[in-house]
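Enquirer: Top to bottom, those sequences are chains B and D. Under the numbering used here, the first residue of the first sequence carries the number 1, and numbering increases by one thereafter. Under the numbering used here, the first residue of the second sequence carries the number 1001, and numbering increases by one thereafter. C-beta atoms are modelled at their ideal positions from N, C-alpha and C, and glycine is treated no differently.
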Amino acid sequence: MDLTAVLILAYFALLFITLLWSSKVIQGPWLFFLRAFFPNWKFFHAVGHVPHLYVRGQAAGEWTGWYQVYPRLPRRWHHLFHNPAVNLALSHQNLVDHFASDLNALPDGADASQLPTYRLVTRLAHQAIQGDRWGDTPMIAVTLPRVERFQFELRMELPASTRSELMLQSPVLAVWD
Amino acid sequence: MDLQIATRLFLALLGWSLLLQTAEFFRLLTLDRVGSWPIQREEVPSRPVWVRSVLDHVVQGPGYVALLTLRLGMALALLSGWVSVGLAVALFVSSVLLLFRWRGAFNGGSDFMTLVSVTGLLIAQLTGHFTDNPTLGWRAGLWYVTVYVVSSYFVSGWVKLLRPEWRHGHALTVFLDGGVYGPLPAGSLYRHPALAAGVSWSFTVWEGCFPLALVDVRIAWFMCCTAPVFHYLVYWYLGLNRFFWAWLATYPAVLYCALG
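(1) Kindly indicate which residue of G1239/D, L1240/D and E1207/D has the alpha-carbon position closest to the one of T1226/D.
(2) Using a Cβ-Cβ cutoff of 8 Å, what residues of the stretch 63-92 of chain B are near chain D? List them in chain order.
(3) Out of curiosity, what's the CA-to-CA distance linking A1088/D and G1198/D?
(4) In terms of DSSP beta bridges, what is T122/B paired with?
(5) Using the rule of at least 16 other Cβ atoms within 10 Å of the residue's Cβ for burial, across every protein chain shown, is K1160/D buried or exposed?
(6) In or out: F1010/D buried (at least 16 other Cβ within 10 Å) or exposed?
(7) Cα-Cα, which of W1037/D, L1233/D, M1074/D and P1185/D is closest to D1056/D?
(8) State the DSSP-derived secondary structure class of G57/B, mapped to helix, strand or coil.
(9) From R146/B to L88/B, what does the alpha carbon distance come to, in whole angstroms?
(10) Apart from the five residues on each side of it in sequence, which residues of its chain come closer than 6 Å, Cβ to Cβ, to L1072/D?
(11) Check whether the Cβ of A8/B lies closer than 8 Å to any Cβ atom in chain D.
(12) If we ignore side chains and look at the alpha-carbon of each, how far apart do T1204/D and V1116/D end up?
(13) When you compare each of L124/B, L15/B, L120/B and T137/B to G1157/D by their alpha carbons, which one comes out closest?
(14) Using the Cα positions of L124/B and G1015/D, report the straight-line distance between them to the nearest angstrom.
(15) Does the beta-carbon distance from A1253/D to G1120/D come in below 8 Å?
(16) By DSSP's criteria, S164/B is part of a beta bridge. Which residues make up the other side?
(17) So if I threshold CB-CB distances at 8 Å, which residues from the stretch 1160-1173 of chain D count as touching chain A?
(18) Buried or exposed: where does I1005/D fall if 16 or more other Cβ atoms within 10 Å of its Cβ makes it buried?
(19) For the beta strand (DSSP E) that contains Q68/B, what are its first and last residues?
(20) Beta-carbon separation of L1068/D and F1106/D under 8 Å?
(21) H82/B to S1202/D, Cα distance in whole Å?
(22) At a Cβ cut of 8 Å, what residues of the stretch 33-45 of chain B count as close to chain D, listed as they run along the chain?
(23) Determine which residues share a DSSP beta bridge with R133/B and list them.
(24) Between T143/B and chain D, is there a C-beta pair that is closer than 8 Å?
(25) What does a CB cutoff of less than 6 Å around I1219/D pick up in its chain, not counting 5 residues either side in sequence?
(26) Is there a C-beta anywhere in chain B that falls below 8 Å from the one on Y1144/D?
(27) Based on Cα-Cα distance, which residue from W77/B, W21/B, I17/B and Y118/B lies nearest to Q151/B?
(28) Please list, in chain order, the chain D residues whose beta carbon lies closer than 8 Å to that of Q127/B.
(29) In the structure shown, what three-state DSSP assignment does A174/B receive?
(30) For W30/B, go through chain D and note every residue whose CB falls closer than 7 Å to its CB, in chain order.
(31) According to DSSP, is H1170/D part of a helix, a strand, or is it coil?
(32) Using a Cβ-Cβ distance under 8 Å, would Q1060/D count as near chain B?
(33) Which bits of chain B does F1222/D rub up against, with CB to CB less than 8 Å?
(34) Return no unless some Cβ of chain B is closer than 8 Å to the Cβ of F1112/D.
(35) What number of angstroms, rounded off, separates the C-alpha of D1177/D from the C-alpha of L1184/D?
(36) List the residues of chain B whose Cβ lies closer than 8 Å to the Cβ of A1158/D, in chain order.
Structure follows, in structure tokens:
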């Protein structure tokens, strides 16, 4: 076995060992933006609670039900080449994931509304309740009347389970132009 | 694979991948009504002060359109086989700027792998320039890409194999149900536990064994020919089209670096 093969073997053996124990997560603002330089390649590896965004609106004093804002779009043949609406929808769910992570990291008693992710999720909830779309697909599955106020919730949910844990409920917010 | 063919294919596939990504970014200029740079910029560290100032000019408004246009031009240049140190540096810088525009990543892993290829290209060009040995430069760049891409499969496979929900096949159904094109139909074959477990084992073992591609060029060809099928299925169920092209661009590097 030549030296290159030995080095390759040693590298992957070391990599495997690192997978066996959970290491401390290093965080920081620069690292957040530049995390692409340190990918961990752990895609879809664990089944667990998933943060879901729910919105409701108030029209003529009456509240609608709660509706989930979750990316569900029809597949098209050209999506392999050009798929901006689906990728945007996935990035919005990513934003919800980051918001849940930011809330978890928030010290007790801190004001969540100051978080950039809170304000971005507020915009997402606002767009959803206003009937905005990912491409041709509405962000929420029903057509609502024009609302004057809205509210959103972040819930942690297990896949294939009806149990839902409320993580945050926003105050009632006015819609804007 | 011959170095010249590998580099030409690598450039063309990377250019194609960047072209598709940039076309999507152009479309997002009108589709995205949630992103807001005045809010997002607060996440950028305030020191050094010039960073926010630079970003204010290039990740919104006309500056952002110019950045995307430049990236489109660079993608076309790569597609036609043209590359230089200046292009590699500009492509790398534009990639970093996009990381800030999209809060670290727009599309997760595909952004990471694209950055790996762009960094590999930068290494190839800079090493070739400063050593006056383009062959050495390309060897360094392609090896850099190869180590990352093979590691990506290896980690992605083993991290699943180490978890019981993947070994039992349960996780596969959960993630496919949660996919953007989901949920699976009630009568889907993936809902049969034995089949779900079989499918899970087959692709996680395949991923975990990807480093064998480096040991023998025939295994490398087998892995690189089956990988597009795997990524196509990921796209089909989860909508991750960018992953397909970002990983495809790296296979010439793997085929070049495979021993024997």
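Expert: Quick answer:
(1) Among G1239/D, L1240/D and E1207/D, the Cα nearest to that of T1226/D belongs to E1207/D.
(2) P71, R72, L73, P74, R75, H79, L80, F81, H82, N83, P84, A85, V86, N87, L88, A89, L90, S91 and H92
(3) 43 Å
(4) Per DSSP, none; premise fails for T122/B.
(5) Buried.
(6) buried
(7) Residue W1037/D is the option with its Cα nearest to D1056/D.
(8) strand
(9) 24 Å
(10) T1022, listed in sequence order.
(11) According to the sequence displayed, residue 8/B carries Ile and not Ala. Cβ-Cβ to chain D under 8 Å: yes for I8/B.
(12) 22 Å
(13) Of L124/B, L15/B, L120/B and T137/B, the residue nearest in Cα terms is L15/B.
(14) One alpha carbon belongs to L124/B, the other to G1015/D, and they sit about 33 Å apart.
(15) yes
(16) E157/B
(17) Among the protein chains of the structure shown, namely B and D, there is no chain A.
(18) exposed
(19) Y67 to V69
(20) no
(21) 29 Å
(22) Going along the stretch 33-45 of chain B in chain order, one finds F33, L34, R35, A36, F37, P39, N40, W41, K42, F43, F44 and H45 with a Cβ nearer than 8 Å to chain D.
(23) The partner list for R133/B (beta bridge, DSSP) reads P138/B.
(24) no
(25) Sequence-distant Cβ neighbours of I1219/D in its own chain, meaning closer than 6 Å and more than five residues away, are L1212 and A1213.
(26) no
(27) Y118/B
(28) Neighbours of Q127/B in chain D, taken as residues whose beta carbon is under 8 Å from its own, are R1033 and V1034 in chain order.
(29) strand
(30) P1045
(31) helix
(32) With respect to chain B, the C-beta atom of Q1060/D has no partner C-beta closer than 8 Å.
(33) Result: empty, since nearest Cβ-Cβ is about 17 Å, beyond 8 Å.
(34) With 8 Å as the cut-off, F1112/D counts as an interface residue toward chain B.
(35) 5 Å
(36) In the sequence under discussion, the amino acid at residue 1158/D is Trp, which differs from the Ala named in the question. In chain order: F16 and L19.
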